[in-house]
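Asker: So that we are looking at the same thing, I have put the structure below in structure tokens.
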Amino acid sequence: MNVNDQFTGGDIIIDDLAGDDAAATPAPQVARAARLPQMMRRIPVTLTLEVGSARISLQELMDIGPSSVVPLDVLAGEPLVIKVNGTAIGRAEVVVAGEQYGLKVIDLEGLNLDLIAP
């Protein structure tokens, strides 16, 4: 993975965020989503898992090439930030889902739908 690559879930439909387990034990976030008007539940959003960032000088940027390693501001093993439309909503860890990467939610710090509107 390139330093500049972003791991995105593409267009995520809010209905798809609740798995089969969520129906058995509704979480507060699912209850809030259920209060959304039906037409709003189909609005696509972009879900991103942010690995970290690095503040570097232009000279350091110019020196980056193949095999370069740029240390990020996140320690190995720390939870990563989940963002919806660029707004942080919680933390997760990376998992393998079939032949793709996925994310396993650790916590949602406040899925406030008013904050994630574009």
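Last residue of the sequence shown: number 280 in our numbering, and the count goes up by one each step with no gaps.
Built from N, CA and C at the ideal position, the CB exists for glycine as well.
In this text the structure is predicted, and so the values were computed from the model without any measurement.
1) Among all the DSSP beta bridges, which residues are the ones paired with residue 197?
2) From residue 216 to residue 236, what distance separates their C-alpha atoms?
3) May I have the straight-line CA-CA distance separating residue 240 from residue 212, to the nearest angstrom?
4) Going by C-alpha distance, which of 209, 218, 253 and 244 is nearest residue 232?
5) Bridge partners of residue 259, per DSSP?
6) Along the chain, where does the alpha helix (DSSP H) that runs through residue 242 open and close?
7) Could you tell me the distance, in whole angstroms, from the CA atom of residue 222 to the CA atom of residue 228?
8) Residue 265 and residue 251 look like a contact to me (Cβ under 8 Å); what is the Cβ gap, rounded to whole Å?
9) Out of curiosity, what's the CA-to-CA distance linking residue 270 and residue 200?
10) Identify the continuous alpha helix (DSSP H) that holds residue 222 and give its terminal residues.
11) In whole angstroms, what separates the C-alpha of residue 257 from that of residue 224?
12) For residue 253, which residues from the same chain have a beta carbon less than 7 Å from its beta carbon, with the 5 sequence-adjacent residues on both sides left out?
Answerer: Well, looking at it:
1) DSSP, once it has assigned bridges, lists no residue as partnering residue 197.
2) 9 Å
3) 12 Å
4) 218
5) 262
6) Run containing residue 242: none in the alpha helix (DSSP H); it sits in the beta strand (DSSP E), 242-246.
7) 14 Å
8) So it is not a contact: roughly 12 Å between Cβ atoms.
9) 23 Å
10) 220-225
11) 33 Å
12) 241, 242, 243, 244, 268 and 269
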